[in-house]
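K.L.:
Dumping the structure here so I can ask a few things about it.
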Amino acid sequence: MSERYAPSEIEPKWQAYWAAHDTFRTPEDPSLPKAYILDMFPYPSGAGLHVGHPEGYTATDIYCRYLRAKGHAVLHPMGWDAFGLPAEQYAIQTGTHPAVTTQANIATFKRQIQSLGLSYDWSRELDTTDPAYVKWTQWIFLLLYKRGLAYQQEKPVNWCPALGTVLANEEVIDGKSERGSHPVVRLPLRQWMLKITAYSDRLLADLDLVKWPESTKTMQEDWIGRSEGAEVRFALMDGSGEALEIFTTRPDTLYGATFMVIAPEHPFVERLATPERKAAVDAYVAAAKNRSDLDRKAAKEKTGVATGGYVKHPITGDSVPVWVADYVLMGYGTGAIMAVPGQDERDWEFAEAFDLPILRTVQPEPGFDGKAFLGDGPAINSDFLNGLPVTEAKAKMIAHLEQSGLGTKRVETRLRDWVFSRQRYWGEPIPIYFPVETDGDPRQGAAHVIRYDQPIPVDEAELPLRLPDLEDFNPGEDPAGTLARAVDWRFFQKDGKWFARETNTMPQWAGSCWYYLRFMDPKNPDAAFSAEAAKRWLPVDLYVGGAEHAVLHLLYARFWHKVLQDAGLVEAPEPFGRLVHQGMILGEVEYTAFVDASGQPVAKEDARPDGDGGFKRASDGAALKVQRFPEEAVEKKGAVTVLKAQPAIQVDARAHKMSKSRGNVINPDDVVKAHGADALRLFEMFLGPLEAVKPWSTGGIQGVARFLERSWALVQKPMTGEAPSGELLRSLHKTIRKVTEDIEALRFNTGISALMILLNELAKADPLPKEAVELHVRLLHPFAPHLAEELWETLGHPPSLQAVPWPAYDPALCVDAAVTVAVQVNGKLRGKLTLPAGVAEADALQAAKADEGVVKWLEGKELVKTIWVPDKLVSFVVKG
RNA sequence: GCGAAUGUGGCGGAACUGGUAGACGCACUGGAUUUAGGUUCCAGCGGCUCACGCCGUGUGGGUUCGAGUCCCACCGUUCGCACCA
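Take the first sequence: its position 716, counted from the start at 1, is 1232 in the working numbering, and no numbers get skipped.
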């Protein structure tokens, strides 16, 4: 052993020890309480690990090491979400097969993760691109298909020519692809859809069963967007007997419906447009079709045109004019609304813009001077509803509509079915094929028709359906995707007939929808996972991952889980019992100010956005740029930070997201090299609460590195065999309690702080009881496992420390013998007393009154009230 | 615009159900050790004040003997959603 703490020596040593001894293999013993602790598995990008990854991973690692020491059977696996666009794009550019790139990236990620000493059971490692895994992803797809939850639909989708793929709405940001910012156009295409909407009620209701951050639950609720209302039929006036169906959440306001609005894509547009209005309507519809989402968002003014047509009000029988406007969306409800300007802001705006009548049907509260009134109040102008508050009026109207056959109660959700196919190469092939009508060999270019209306599932025995090997990964111009070009793979003969395979592949979400299930039973060749494994391990007890997955991944995985539950494969209704999002680690704080072309700093107040993402000087329009200043060049002045050289110039002090372009990325490899994995782990945990967003600080790591060195030094000191006693004993028990409670609550920053306090005390102890040092090492173990193992060995114990039970504390020893009692007079602190714990009220009051700091504040005053908080505080209220 | 979170020293952050604000660490200052730098150790470190003391948890009000913590209004920052009928 070397003289000094040398992480570069001890860390590889213990990593090798753990690997050789299978220290973290999941115990089979069913008598142990189970704990399934899961990290969101990463996409192994070419950039390698980021300091953000170890944050969540270290948190779960600490928790797992603690639980093992507490005697739990811990399942803590790691794997790779390895399908994905970057590998495919790299393949397109270089011709390297995505599998090759993916495996190389996985190797890098694995090396980096292992260098952090994380306690994964690597025997359960999985990779979503592994055919043995793909087989079961496809199997689950077929399960969905057979349960009627997967269907094909021609859909206008977001076709991105540059990526050669269709993107989900949520993957399109401002009309560009989320990855790569390529332009996106709308195009109708045959798609596989998953009927997630069939589960919307359960996905909503079962959020009550899980311990998740409230914000995440709210986001899922909003995403599902359930609203109750009614479907109402307004008869067409053309004598066809057909009706315009609308959805409303405010059936109580039916009497206030002064006009109707339908979406430009609504099928009735043609029928309702009168000959004299047809040209205007057609022009509006055509314009709406060409408007990008960006334009639609940017336009605040309501636009629309009257069709000239009318429908019949179901109750009053009045003729109601029908308008076309793009503020009504075809994708929600029925694509048609009854406009009630009196109680709806959007309808009010539209009515004002086009001079349409407005009728209030809810009495606004006195003094209300707004426009549309959305609040509660008695119904007015509404015949049989008059006087009823909103909720009752709604119910009464729905009952009336149902009785008279004019409408029905209806629940609408914002959630839409999930577009599940991608026109990509690097994904799981969808295990479906179709009959082909042809006279020749379609592989040779014979004319053929693929009967997409007759899908046939691939036989389970034939799974996995593998991807063909290609040399050219270019998607080409065919939106049907890369696989459409692989004709030898695509077309095949069976019993003399030709068939064509589905050329769409699954989205990246597919693999991550069920990986937590495969981890329970990763090598099973006969099933996705066994029933026993599911019973033993589900649900996941703690799931840690980024908040960016708050909606999509977590909602999709819950959906699949519920389908599997219905199929009898899992019992637990929810996959993830407790969920925590680690906060992002930002780059180091940067100081910036505007400068002009000559490099002269310019005050913030003189800068204006130039409308092009940049800034200009207000006075002369000269272009300004944002310049970084070193920390030494700035100082804090009052509430603001300014340049030292020019205190009139205010600088912006803030931390930014780490990004390659900003050049503020911290590579964990560098930190490990400089300070060791234990220091990196400890520092990331010490930075602040796990859930908080926090800036990295290169200097700050010194603090934890010093702490580790001092822990090392402590163990090199002479020790006594005598048991700890007195205040030291109490400190030890208090620290055990604090660290235990903090680990349970994932409050690692304060837990580490408690260890630092203990170390400071131990460093001063003379004599130094060996037992106390051992306790420090045992408590340190989950946080800095390499050092703790090394010190445990130095102390003369056989490895591994992981096998040593977690220390227990005696609550009786967690209280101090003496307490400090604060004395307040009229709420202000006037003195402090040191008294024995559990002191009687009378004794404390007597001591307080006698305290010299307090006496002068009581003299000559009348004592009105005395408050006694045991062991804490005496408060006197005086008058005069 | 709507929704959620958040605001505490120069910095990251502590503070259990209202009860000693600033734990722990970084940076900084002084001292010891050292040829020197670094390391290590000791001490100090919210602001004002010679001091008694006063002020201080984004701002302004309120409740309370007592508010970082509870209530009301506002401001800033971050995240999410964005015409969802």
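For each residue, glycine too, the CB sits at the ideal point set by N, CA and C.
Keep in mind it's a predicted model, so treat the numbers as computed, not measured.
Compare the C-alpha of Ala1360 against each of Val1390, Gly1343 and Ala1333 and name the closest.
P.N.:
Here residue 1360 is taken as the residue at index 844 of the first sequence, counted from 1. If we check each option's Cα against that of Ala1360, Val1390 comes out closest.
K.L.:
Quick one: what does DSSP say Lys910 is sitting in, helix, strand or coil?
P.N.:
Here residue 910 corresponds to residue number 394 of the first sequence, with the count starting at 1. DSSP places Lys910 in helix when its eight states are reduced to three.
K.L.:
List, from N- to C-terminal side, the alpha helix (DSSP H) runs of 4 residues or more that fit wholly inside the stretch 826-888.
P.N.:
Runs of the alpha helix (DSSP H) inside the stretch 826-888: 861-870.
K.L.:
Note down the Cα distance separating Ile1252 from Ala1261, rounded to an integer number of angstroms.
P.N.:
For the purposes of this step, residue 1252 is taken as residue 736 along the first sequence, with counting starting at 1. For the purposes of this step, residue 1261 is taken as residue 745 along the first sequence, with counting starting at 1. Cα to Cα, the separation comes out at about 14 Å.
K.L.:
Contact defined as beta carbons within less than 8 Å: I believe Glu1087 pairs with Ala1026. What is the distance between those atoms, to the nearest angstrom?
P.N.:
In the first sequence, the residue the question calls residue 1087 occupies position 571. In the first sequence, the residue the question calls residue 1026 occupies position 510. Rounded, the Cβ-Cβ distance is 23 Å, inconsistent with contact.
K.L.:
Starting from Met776, trace the alpha helix (DSSP H) both ways and give me its first and last residue.
P.N.:
Locating residue 776 in the first sequence gives position 260, where the first residue counts as 1. Unbroken run through Met776 is the beta strand (DSSP E), Phe775 to Ile778; no alpha helix (DSSP H).
K.L.:
Start and end of the alpha helix (DSSP H) containing Leu659?
P.N.:
For the purposes of this step, residue 659 is taken as residue 143 along the first sequence, with counting starting at 1. Counting along the chain, the alpha helix (DSSP H) containing Leu659 begins and ends at Pro647 to Lys662.
K.L.:
Ala536 to Gly1204, Cα distance in whole Å?
P.N.:
Your numbering for residue 536 matches position 20 in the first sequence. Your numbering for residue 1204 matches position 688 in the first sequence. The straight-line gap from Cα to Cα measures roughly 34 Å.
K.L.:
Looking at the strands, I want to know which residues DSSP matches up with Cys676.
P.N.:
Within the first sequence, residue 676 is the residue found at index 160, counting from 1. Cys676 is bridged to Thr681.
K.L.:
Considering only the beta carbon of each residue, do Thr790 and Gly757 sit closer than 7 Å?
P.N.:
Stepping through the first sequence from its first residue, residue 790 is reached at position 274. Stepping through the first sequence from its first residue, residue 757 is reached at position 241. Contact flag unset, no.
K.L.:
Going by beta-carbon coordinates alone, are Phe1015 and Val952 separated by less than 7 Å?
P.N.:
Residue numbering aside, residue 1015 sits at position 499 when the first sequence is read from its first letter. Residue numbering aside, residue 952 sits at position 436 when the first sequence is read from its first letter. Yes. Within cutoff.
K.L.:
Cβ of Ala598 within 7 Å of Cβ of Pro614?
P.N.:
Here residue 598 refers to the residue found at position 82 of the first sequence. Here residue 614 refers to the residue found at position 98 of the first sequence. Cβ distance not < 7 Å, so Ala598 and Pro614 don't count as in contact.
K.L.:
Where does Ser697 land, buried or exposed, given buried means 16+ other C-beta within 10 angstroms?
P.N.:
In the first sequence, counting from the first residue as 1, residue 697 sits at position 181. It counts as exposed.
K.L.:
Taking the alpha-carbon positions, what's the Glu525 to Ala1193 distance?
P.N.:
Residue numbering aside, residue 525 sits at position 9 when the first sequence is read from its first letter. Residue numbering aside, residue 1193 sits at position 677 when the first sequence is read from its first letter. Between Glu525 and Ala1193, the C-alpha separation is close to 11 Å.
K.L.:
For Gln1116, name the three-state secondary structure that DSSP assigns.
P.N.:
Residue 1116 sits at position 600 when you count from the first residue of the first sequence. In this structure, Gln1116 counts as coil in the three-state DSSP scheme.
K.L.:
In the stretch 707-791, which residue ranges form an unbroken alpha helix (DSSP H) of at least 4 residues, counting only runs that do not cross its ends?
P.N.:
Whole alpha helix (DSSP H) segments, 4+ residues: 716-721, 730-740 and 785-788.
K.L.:
Please tell me whether Val1320 and Ala1304 are closer than 7 Å, where the distance is taken between their beta carbons.
P.N.:
For the purposes of this step, residue 1320 is taken as the residue at position 804 of the first sequence. For the purposes of this step, residue 1304 is taken as the residue at position 788 of the first sequence. No.
K.L.:
Is it buried or exposed for Asp892, if we count other Cβ within 10 angstroms and need 16 for buried?
P.N.:
For the purposes of this step, residue 892 is taken as the residue at position 376 of the first sequence. With fewer than 16 other Cβ atoms within 10 Å, it is exposed.
K.L.:
Residues in the same chain with beta-carbon distance under 6 Å from Thr1157, minus the five sequence neighbours each way, listed in chain order, please.
P.N.:
As a working note, residue 1157 is residue 641 in the first sequence. Hits under 6 Å: Val1150, Val1167 and Ala1169.
K.L.:
Does the pairing of the stretch 1362-1372 with the stretch 1338-1353 give three or more beta-carbon distances under 8 Å?
P.N.:
Touching, per the Cβ criterion.
K.L.:
Confirm, please, whether the CB-CB distance from Lys662 to Pro980 is below 7 Å.
P.N.:
Taking the first residue of the first sequence as 1, we reach residue 980 at position 464. Taking the first residue of the first sequence as 1, we reach residue 662 at position 146. Taking 7 Å as the Cβ cut-off, Pro980 and Lys662 do not qualify as a contacting pair.
K.L.:
Consult DSSP for Trp638 and reduce its assignment to one of helix, strand or coil.
P.N.:
As a working mapping, residue 638 is identified with position 122 in the first sequence. Helix.
K.L.:
Put Ile553 into one of helix, strand or coil per three-state DSSP.
P.N.:
Here residue 553 refers to the residue found at position 37 when the first sequence is read from its first residue. In this structure, Ile553 counts as strand in the three-state DSSP scheme.
K.L.:
Run the CB neighbour count on Asp643, radius 10 Å, all protein chains shown included, and call it buried at 16 or more, exposed below.
P.N.:
One-based indexing of the first sequence puts residue 643 at position 127. Asp643 comes out buried.
K.L.:
How many whole angstroms separate the CB atoms of Lys1286 and Met1235, which I take to be in contact at a CB cut-off of 8 Å?
P.N.:
Numbered from 1 along the first sequence, position 770 holds the residue referred to as residue 1286. Numbered from 1 along the first sequence, position 719 holds the residue referred to as residue 1235. The Cβ separation is near 4 Å, so the contact holds.
K.L.:
Put Lys1176 into one of helix, strand or coil per three-state DSSP.
P.N.:
Counting from one through the first sequence, the residue named residue 1176 turns up at place 660. If DSSP states are grouped into helix, strand and coil, Lys1176 belongs with coil.
K.L.:
Could you pull the DSSP bridge partners for Phe1007 from this structure?
P.N.:
Start at 1 with the first residue of the first sequence, and residue 1007 comes out as number 491. Paired residues: Ala1016.
K.L.:
Taking just the CA atoms, how far does Gln1232 sit from Met517?
P.N.:
Position 1 of the first sequence, counted from the start, is the residue given in the question as residue 517. Position 716 of the first sequence, counted from the start, is the residue given in the question as residue 1232. Confidence in Met517 is poor, its pLDDT being 45 and thus under 50, which makes the residue's placement too unreliable to answer from.
K.L.:
So Arg932 and Pro1023 are in contact, right, with Cβ under 8 Å, and what is the actual spacing, rounded?
P.N.:
Taking the first sequence and counting its residues from 1, one reaches residue 932 at position 416. Taking the first sequence and counting its residues from 1, one reaches residue 1023 at position 507. Wrong, their Cβ atoms sit about 15 Å apart, outside the cutoff.
K.L.:
How would you write the range of the alpha helix (DSSP H) that Ile1165 sits in, first residue to last?
P.N.:
Counted from its first residue, the first sequence places residue 1165 at position 649. Unbroken run through Ile1165: none, as it is neither H nor E.
K.L.:
Cβ atoms of Val1220 and Leu1206: under 7 Å apart, would you say?
P.N.:
For the purposes of this step, residue 1206 is taken as the residue at position 690 of the first sequence. For the purposes of this step, residue 1220 is taken as the residue at position 704 of the first sequence. No, these two residues do not count as a Cβ contact at 7 Å.
K.L.:
Give me the residue from Gly833, Glu861, Asp860 and Phe866 with the minimum Cα distance to Val840.
P.N.:
For this step, residue 840 is matched to residue 324 along the first sequence. The candidate whose alpha carbon is nearest that of Val840 is Phe866.
K.L.:
Taking 7 Å as the cut-off, decide whether the C-beta atoms of Pro1089 and Asp722 are in contact.
P.N.:
Within the first sequence, residue 1089 is the residue found at index 573, counting from 1. Within the first sequence, residue 722 is the residue found at index 206, counting from 1. Contact flag set, yes.
K.L.:
Taking 6 Å as the cut-off, is the beta-carbon of Ile578 closer than that to any non-hydrogen atom of the ligand FAD?
P.N.:
As presented, the structure is devoid of all ligands, the ligand FAD included, so that no description of it is given.
K.L.:
Whose CA, out of Ala1353, Ile1268, Lys1381 and Val1339, lies closest to the CA of Lys1372?
P.N.:
Locating residue 1372 in the first sequence gives position 856, where the first residue counts as 1. Of the listed residues, the one whose Cα sits closest to Lys1372 is Val1339.
K.L.:
I need the straight-line Cα distance from Val701 to Trp675, nearest angstrom please.
P.N.:
Here residue 701 corresponds to residue number 185 of the first sequence, with the count starting at 1. Here residue 675 corresponds to residue number 159 of the first sequence, with the count starting at 1. One C-alpha to the other measures close to 5 Å.
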